[in-house]
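These notes concern the structure reproduced below.
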Amino acid sequence: MNMIDELMADLWMDGSVPTEPAERAAFADATQRLRSETHARQQQPATGSLSKSRRPTLGDLGRDGRQLIPRGGRTGPGLAVAGSVLVVIAVVAVVLVVSGHRSNSSHVHPAPSAHLPKSSQLAVLARPQTARDRTLPAVVRRAARLGGLSKQETQSALSSIVASSMRYTQTLPDGREVFLARVHDPGVHQPDLRLLIVTPDGSRRDGDPVLESSSGLPDNRIARIQALHGGGCSTNHPSRPGGGLTVWNVEPNGVFRVIWQFPGQPGGNSLGIETLVRGNFAVATVPGLTSCQSPSSIALISKNGQLIAHTKR
Amino acid sequence: MEVCTDAELIAASFTDPDVFEALFVRHFLAIYRYLCRRVGQDLASDLAAETFVVAFGRRDRFSARHSSALPWLYGIAGNLLRMHQRSERRRLRAYARVSSGAQIGLSAGTDDADERLDALALRPALASALADLSPSLREALALHVWAGLSDEEVAEALGCTSGAVRTRLSRARAQLTRRLTKPAKTVGR
Numbered sequence: 000m001n002m003i004d005e006l007m008a009d010l011w012m013d014g015s016v017p018t019e020p021a022e023r024a025a026f027a028d029a030t031q032r033l034r035s036e037t038h039a040r041q042q043q044p045a046t047g048s049l050s051k052s053r054r055p056t057l058g059d060l061g062r063d064g065r066q067l068i069p070r071g072g073r074t075g076p077g078l079a080v081a082g083s084v085l086v087v088i089a090v091v092a093v094v095l096v097v098s099g100h101r102s103n104s105s106h107v108h109p110a111p112s113a114h115l116p117k118s119s120q121l122a123v124l125a126r127p128q129t130a131r132d133r134t135l136p137a138v139v140r141r142a143a144r145l146g147g148l149s150k151q152e153t154q155s156a157l158s159s160i161v162a163s164s165m166r167y168t169q170t171l172p173d174g175r176e177v178f179l180a181r182v183h184d185p186g187v188h189q190p191d192l193r194l195l196i197v198t199p200d201g202s203r204r205d206g207d208p209v210l211e212s213s214s215g216l217p218d219n220r221i222a223r224i225q226a227l228h229g230g231g232c233s234t235n236h237p238s239r240p241g242g243g244l245t246v247w248n249v250e251p252n253g254v255f256r257v258i259w260q261f262p263g264q265p266g267g268n269s270l271g272i273e274t275l276v277r278g279n280f281a282v283a284t285v286p287g288l289t290s291c292q293s294p295s296s297i298a299l300i301s302k303n304g305q306l307i308a309h310t311k312r
Numbered sequence: 000m001e002v003c004t005d006a007e008l009i010a011a012s013f014t015d016p017d018v019f020e021a022l023f024v025r026h027f028l029a030i031y032r033y034l035c036r037r038v039g040q041d042l043a044s045d046l047a048a049e050t051f052v053v054a055f056g057r058r059d060r061f062s063a064r065h066s067s068a069l070p071w072l073y074g075i076a077g078n079l080l081r082m083h084q085r086s087e088r089r090r091l092r093a094y095a096r097v098s099s100g101a102q103i104g105l106s107a108g109t110d111d112a113d114e115r116l117d118a119l120a121l122r123p124a125l126a127s128a129l130a131d132l133s134p135s136l137r138e139a140l141a142l143h144v145w146a147g148l149s150d151e152e153v154a155e156a157l158g159c160t161s162g163a164v165r166t167r168l169s170r171a172r173a174q175l176t177r178r179l180t181k182p183a184k185t186v187g188r
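These protein sequence lines are chains A and B, in that order. Residue numbering for the first sequence is 0 to 312, as defined by numbering that gives the first Met the number 0. Residue numbering for the second sequence is 0 to 188, as defined by numbering that gives the first Met the number 0.
Okay, here's the thing in structure tokens:
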């Protein structure tokens, strides 16, 4: 054996040797993720035999986890139609399965939509991580510094976030940055997929806790980290003209536009708002609303204008 | 009892996707332990799970002429690792910083104590040199040494020829040897 190989084989760093409980936990976590993926795929038609190769489509990952066609790439019209049909079937199934889901978080406002996309339905999680995604710790640290939080408290919150799962989605109109990430709370076996909303200045906003206590921080001042429950809303910053509400929602793959219909104030007309979905995230400002409320109807529209799902309360 | 090859399991998983779990059970720990050596156990857990999720989605691209899926899985894991090269380099440099100067006071009561001391003293420099190695060379060497793959299996994992693997391994060893034979300037960088 080469001397370099021998030296390298003997190079053991911290964390290089997993403990048995760590191995068991990793195995259990991976088993669950694989099973959910397996069952999600079972809802779709078989992809083919071992030797059969398929033309890659937008968003597909290669054998190596890299994207086969870059974003913005072209797909044939026939393929697009077939893809849309599959997306319609999958999304409608997800909407039916998860409708009625409610979050029990005390900090979560009524959601614009009750459907809960599975993580396998969120392309934003499957795409390769970018430099923007990796800004989450820096954004949180900056907010913590401005909010006067100690380094230990900040580190405590950051240590629970699984680094490889961090994905930037959008910036809300009031400057808050929205990320998706898996968060591994102390004492909890499985990491949860969470929406992380970080205020730019670390301040509280509209009475909302800026960091949910379940993240391990004693004081809620940096970021609201809430369970991925399908959406939320908050009143706009008083300094913004027109006031109103900012509403947002996490949408499954294939949804290009969302139309939310709100009942409006007593005696007033109903309000309809249409917004585009970017990074599986839809956000809009609703000027006529003063308090968070669930929409009376939700329509999910695909890129080619097809109605994917329409739910009414 | 007849044991199915990986290729047979993957073929069977097209009609019954649950069969893929047998492949997962067979190879998960090998992939996880390899990833632990590369990036530490915190990140390894997530990446190992992701490796099998990607493998399941792309199993139609596995070539049936390979009986073992392990090199293919290492290839997927390696490509997922590309997004974490900075973490890996940071980890190697942190080890180099912490370990340099921490070698004094080792027990030296055996005959080969000098050799052991030399080897221990070289570890920080080796970690630092590994951090500076190009990703393709480090990948080839890691698969060969830490995953225990042959040249042909490394080639299968990396999607290149075994000749190219031998060249990469040779270059990697030469660069590391050069770095170890002179004072490591980058330790603590």
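The beta carbon of each residue, even a glycine, is placed where N, CA and C say it ideally should be. Keep in mind that this is a model prediction, so the values were computed, not measured.
For the alpha helix (DSSP H) assignment, the uninterrupted runs of no fewer than 4 residues enclosed by the stretch 23 to 68 of chain B are, from N- to C-terminal side, 40 to 56. DSSP, read as helix, strand or coil, puts D13/A in coil. Proximity of the stretch 149 to 156 of chain B to the stretch 23 to 40 of chain A falls short of the contact definition, fewer than three beta-carbon pairs being nearer than 8 Å.
CA-CA distance, V182/A to V53/B, rounds to 21 Å. About 7 Å separates the beta carbons of L121/A and N252/A, which is inside the 8 Å limit, making them a contact pair.
Of all C-beta pairs linking the stretch 29 to 36 of chain B to the stretch 56 to 67 of chain B, fewer than three are shorter than 8 Å, placing the two stretches out of contact.
Contacts with chain B (Cβ-Cβ distance below 7 Å) from the stretch 120 to 132 of chain A involve P127 and Q128, listed in chain order. Listed as beta-bridge partners of Y167/A by DSSP are F178/A.
In this structure, Y94/B and A126/B form a Cβ contact; the two beta carbons are roughly 5 Å apart against a cut-off of 8 Å. In the DSSP annotation of this structure, the continuous segment of the alpha helix (DSSP H) that includes H143/B starts and ends at P134 to V144. By the Cβ rule, the stretch 161 to 174 of chain B counts as touching the stretch 125 to 142 of chain B, because three or more pairs are nearer than 8 Å. At least one CB of chain B lies nearer than 7 Å to the CB of E36/A. Nearest neighbour of A180/A by Cα position, chosen from R166/A, R277/A and R34/A, turns out to be R166/A.
In this structure, T245/A lies near P172/A, with their beta-carbon atoms less than 7 Å apart. P16, D17, F19, E20, F23, F27, L28, Y31, R32, C35, R36, G39, Q40 and D41: these are the residues of the stretch 16 to 41 of chain B whose beta carbon lies less than 7 Å from some beta carbon of chain A, given in chain order. In the three-state reduction of the DSSP assignment, A95/B falls in the helix class.
Contact of R122/B with chain A by beta-carbon distance below 8 Å involves L6, D9 and L10. From the listed residues A156/B, S161/B and G147/B, the smallest Cα separation to M7/A is found for G147/B.
G271/A: member of the beta strand (DSSP E) spanning L270 to R277, first to last residue. Between Y94/B and chain A, the shortest Cβ-Cβ separation is below 7 Å. Interface with chain B (7 Å Cβ-Cβ cutoff): R166/A is excluded. Here K302/A is not near F261/A, since their CB atoms are 7 Å or more apart.
In this structure, the alpha-carbon of V139/A lies about 7 Å from that of V197/A. Beta-carbon to beta-carbon, V276/A and W247/A are separated by about 11 Å, too far to satisfy the 8 Å threshold. When secondary structure is reduced to three states using DSSP, F19/B falls in the helix class. By the neighbour-count criterion, in which 16 or more other beta carbons inside 10 Å mark a residue as buried, Q151/A falls on the exposed side.
For F26/A, the chain B residues whose Cβ falls inside 7 Å of its Cβ are F27, in order along the chain. Within chain A, A25, D28, A29, R32 and L33 have C-beta atoms less than 8 Å from the C-beta of A48/B, given in sequence order. With 16 or more neighbouring CB atoms inside 10 Å of its own CB, W259/A falls in the buried class.
R85/B is classed as exposed because its beta carbon has fewer than 16 other beta carbons within 10 Å across all chains shown.
Contact between S66/B and T4/B holds, with the beta-carbon distance rounding to 4 Å and staying under 8 Å.
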